[in-house]
Amino acid sequence: MHLQRLLSSLLLTLFIPVAGAAELKVLTSITPVQLIASEVLAGVSQPEVLLPPGASPHQYSLRPSDVRKVKQADLIFWIGPELERFLEKTLSKTDATVLSFLEEEEGHQHEGEAAHEDEHESPHHDSDENLLESSQEHDEHDHGGIDPHLWLDPVHALEMAEIIRDAAIKVAPNKQALLEQNYAEFAAALLEKDQLIMSQLAPFSDRGFVVFHDAYSRFVKHYNLKQLGAVTINPSRKAGAKHLSELREAVIQSKAVCIFSEPQFSGSILKTIASGTSVRTAELDPLGQKIKPEKGAYLAFLTDFAQVFEECLQD
Ligand SMILES: [Zn+2]
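Right under this line is the structure:
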């Protein structure tokens, strides 16, 4: 009797249509997207993430369980084929609503974006490019010079939140008020956090550093930092010996104060570059894979990120 009642109530929950149900199934490609989605979707949906901890979007293939997650989702958010190439085929075959942030942003890029990029043009920008990988290794990762790591610029993170809000309202119009409120709270908190970080990092604009892969250009530009170079443009390729010795020479010459490794990749190359110099090393996770996906998650990510920079770049 009890069991029967339980079963029938279970069945009822199963058959409530998506728009009326509490549970909207949202799937995100990588943790940063999940963190931003968690800010906007609080109380509406608990967004899942495909990429497991320790994995990099540059080197990943879908497992059967990932394909199942894609099939079950109502709404899917990803950056685009420039970053998560492994999703391209599967997403072209799903019935879910799929949104690519790069594609969405391209639409309204021309007015606002151009002005924004100019405004934040770093005085160090020219010298950055000299130390990046040579151009024949340039192909896949940076389509037309676009850095796909959008979330590392808070201005783009806010645009991503806006895209998530609008897509969720379309699929679950009964949650519109909550989604708008979440977004507004996120926007206000982010603006405040951004200004705090701006002054937190301002003293370090002349402290040079080297990163593992070329993921940080948007953060570097936004906060006017001095990135001297990256070991690799595309982490799925091995860096050339010549490039590494140039990078090591640059570290010595320009007295870089810090080299950042990433938890998704071995730090052995960075140790080679650092050996025999006084340069400091620190780990920087561009994917924020240790951050809990809940309200405040992206702000926590940005806070941690800025903290790692401050600690490694200071005297
Ligand atoms: Zn990357």
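Residues -21 to -1, 1 to 294 in mature numbering (1 follows the signal peptide of the UniProt record, and there is no 0) are what the sequence shown spells out, letter by letter. Quick reminder that beta carbons are idealized off the backbone N, C-alpha and C, glycines included. Nothing here was measured: the structure is a model prediction, and the numbers come from that model.
Only counting the same chain, and skipping five residues up and downstream in sequence, which positions put a Cβ closer than 7 Å to that of residue i?
i: Lys50; result: Thr73
i: Pro32; result: Gln268
i: Asp132; result: Arg197, Phe198, His201
i: Ala21; result: Asn161, Lys274
i: Glu96; result: Since pLDDT at Glu96 reaches only 43, below the 50 mark, its modelled position is unreliable, and the value read off the structure follows with that caveat. Counting only Cβ-Cβ distances below 7 Å, and skipping sequence neighbours, we find nothing.
i: Gly59; result: Ser79, Phe80, Leu81, Glu82, Pro127
i: Leu292; result: Phe183, Arg186, Phe188, Val236, Cys237
What residues in its chain sit with their C-beta under 6 Å from that of residue i, if we drop five residues either side in the sequence?
i: Lys276; result: The sequence shown places Ala at residue 276, not Lys. The answer, listed in chain order, is Leu14, Ser17, Ile270.
i: Ala218; result: Val210, Thr211
i: His249; result: For the sequence presented, residue 249 should be read as Leu rather than His. Contacts found: Ile238, Ser240.
i: Ala52; result: Lys4, Leu6, Ala75
i: Ser24; result: Leu3, Val5
Who are the near neighbours of residue i in its chain, counting only those whose CB is closer than 8 Å to its CB and skipping five residues on each side?
i: Ala34; result: Gln243
i: Asp126; result: Asp193, Ala194, Ser196, Arg197
i: Glu289; result: Gln179, Leu180, Phe183
In the DSSP output, what is residue i paired with across the bridge?
i: residue 295; result: No statement about residue 295 is possible, as the shown extent of the chain runs from -21 to 294 and does not include it.
i: Ser79; result: Trp57
i: Val28; result: Thr7
Counting along the chain, where does the alpha helix (DSSP H) carrying residue i start and finish?
i: Ala218; result: No alpha helix (DSSP H) holds Ala218; DSSP gives it neither H nor E.
i: Gln206; result: No alpha helix (DSSP H) contains Gln206, which is instead part of the beta strand (DSSP E) from 205 to 211.
i: Thr73; result: No alpha helix (DSSP H) holds Thr73; DSSP gives it neither H nor E.
i: Val287; result: 276 to 292
i: Phe65; result: Run containing Phe65: none; DSSP gives neither H nor E here.
i: Lys200; result: 196 to 201
i: Ala253; result: 247 to 253
i: Lys48; result: 43 to 51
How about the region 32 to 47 and the region 240 to 260: do they share at least three Cβ pairs that are nearer than 8 Å?
yes
Is the region 252 to 262 close to the region 153 to 167, with three or more CB pairs under 8 Å?
no
Should the region 160 to 180 be regarded as contacting the region 139 to 146, the criterion being three or more beta carbon pairs within less than 8 Å?
yes
Would you list, in sequence order, the uninterrupted alpha helix (DSSP H) runs of no fewer than 4 residues that lie entirely inside the region 118 to 156?
133 to 150
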